[in-house]
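Take any residue in the sequence shown, count from 1 to its spot, add 49: that is its number in this note's numbering.
Even glycine gets a Cβ: it sits at the ideal position worked out from N, Cα and C.
First up is the structure itself, then whatever we jot down about it.
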Amino acid sequence: MITKKRIANFKWLSMISLLMFISIQHSAQAQTSSIPNEIVSALSNGDANRLSAYLNDNVELFIENKNDIYSRQQAVSILNDFFHRFKVSDFKVIHQGNRDNSSFIIGILSTATENFRVYILTRKSDNKTIILQLRIETSNE
Numbered sequence: 050m051i052t053k054k055r056i057a058n059f060k061w062l063s064m065i066s067l068l069m070f071i072s073i074q075h076s077a078q079a080q081t082s083s084i085p086n087e088i089v090s091a092l093s094n095g096d097a098n099r100l101s102a103y104l105n106d107n108v109e110l111f112i113e114n115k116n117d118i119y120s121r122q123q124a125v126s127i128l129n130d131f132f133h134r135f136k137v138s139d140f141k142v143i144h145q146g147n148r149d150n151s152s153f154i155i156g157i158l159s160t161a162t163e164n165f166r167v168y169i170l171t172r173k174s175d176n177k178t179i180i181l182q183l184r185i186e187t188s189n190e
């Protein structure tokens, strides 16, 4: 026979389990947020110059018909051109993760005329986050 005490114990155990699950999820999210907020902010504002502080000396860039490895200066020029043609209204991170010294984010860049899917791959080097790859592709979202 199930007693009130057993029901109360079950509720208590359920509550503890839920709290532990939430704390583990929060901890996992904190570990994956290793990409600096400044990168997200620079994308949200369409600011290639602020983004340049994080670009590797040579960065793999995929934007429209420009798919190659570019110097930082070339990449900034291409990004400035892109942001000039497409006025950014918002950038939302939809997924992020990390492994060892590498991190990535996937997001949606909203502009006045269309949306783009953005993928950024970074690496930590000498306690600094460096963008190794940046993709901006037309999105169906």
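Under DSSP, residue 184 takes part in a beta bridge, and its partners are 111 and 168.
Distance from the CA of residue 169 to the CA of residue 162, rounded to the nearest whole angstrom, comes to 22 Å. Bounds of the beta strand (DSSP E) holding residue 139 are 137 to 148. Exclusion of the five residues before and after residue 121 leaves 101, 104, 105, 106, 107 and 108 as the residues of its chain whose Cβ lies within less than 8 Å of its Cβ. The residue from 134, 112, 157 and 111 with its alpha-carbon nearest to that of residue 142 is 157. Look at residue 105 here: in three-state DSSP terms it is strand.
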